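To start, the structure itself, in structure tokens.
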Ligand SMILES: CC(C)(COP(=O)(O)OP(=O)(O)OC[C@H]1O[C@@H](n2cnc3c(N)ncnc32)[C@H](O)[C@@H]1OP(=O)(O)O)[C@@H](O)C(=O)NCCC(=O)NCCS
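In the working numbering, the protein residues as written are 83 to 236.
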């Protein structure tokens, strides 16, 4: 199977925080952000492998700054690593206050998706063609995470 470039599946999504997305303090409800992150992560993984995928795990999710009602949430995600059937995806979330134009980094998430066939069994995915130093660095870091996880499971 031919390897694919990171740029072929990299995706961007934007959301406006509405009252229905907010908690009682008019901040974005954390579960809603997880929903948005998993949605873009799923799109990225599907674009990479052109197959159905399931979320296998959320390796890390750090809420770094409060997101308020009316803020613009911008998500940028890409594939860090591929195994035989799995893909590690990273999603970076920035938030913009449309009144001031101020932008800040709000969240970083790392998730693993597995491609599945019609019977729900894991199926092979294309490899990743690394073209930049940043992509190579992310691949190495993801490989360490995968190995560490596998050694914990043994
Ligand atoms: C994810 C799933 C398909 C893996 O199936 P499995 O038969 O256990 O698969 P295997 O043990 O052969 O592993 C297949 C791949 O998944 C990866 N994997 C399995 N469980 C994982 C986990 N919890 N975290 C990260 N990767 C995982 C393995 O490392 C392997 O990767 P590789 O092929 O790239 O080396 C299966 O556990 C599943 O369907 N889980 C439910 C998923 C789901 O419903 N998600 C939505 C949650 S609401």
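No residue lacks a Cβ here, since even glycine has one placed at the ideal position from N, Cα and C.
The model shown is predicted, which means the values in this text are computed figures rather than measured ones.
*What span of residues does the beta strand (DSSP E) with residue 179 cover, start to end?*
Here residue 179 is taken as the residue at index 97 of the chain shown, counted from 1. 168 to 179 is the span of the beta strand (DSSP E), which, as asked, contains residue 179.
*Can you give me the Cβ contacts of residue 196 inside the same chain, cut-off strictly under 6 Å, excluding the 5 residues immediately before and after it?*
Taking the chain shown and counting its residues from 1, one reaches residue 196 at position 114. Correct list, in chain order: 136, 138, 167, 168, 204.
*What is the DSSP secondary structure of residue 158, reduced to helix, strand or coil?*
The residue labelled residue 158 in the question sits at position 76 within the chain shown. Strand.
*For residue 122, does the three-state DSSP call read helix, strand or coil?*
Position 40 of the chain shown, counted from the first residue, corresponds to residue 122. Residue state, collapsed to three classes: helix.
*Grab the span of the alpha helix (DSSP H) containing residue 227 for me, first residue to last.*
As a first step, residue 227 must be located in the chain shown, where it is residue number 145. Note, residue 227: alpha helix (DSSP H), 215 to 235.
_Pick from 180, 232, 220, 91 that is closest to residue 128, judged by C-alpha positions_ = As a first step, residue 128 is located in the chain shown; it is residue number 46 there, counting from the start. With distances taken between Cα atoms, residue 128 lies closest to 91.
*Taking 8 Å as the threshold, find out whether the segment 227 to 236 comes into contact with the segment 113 to 125 through three or more Cβ pairs.*
The segment 227 to 236 makes no contact with the segment 113 to 125; the number of CB pairs closer than 8 Å stays below 3.
*Could you check if residue 216 is buried or exposed, using at least 16 other CB atoms within 10 Å of its CB as the buried criterion?*
Sequence index remark: in the chain shown, residue 216 carries index 134 (1-based). Flag for residue 216 reads exposed.
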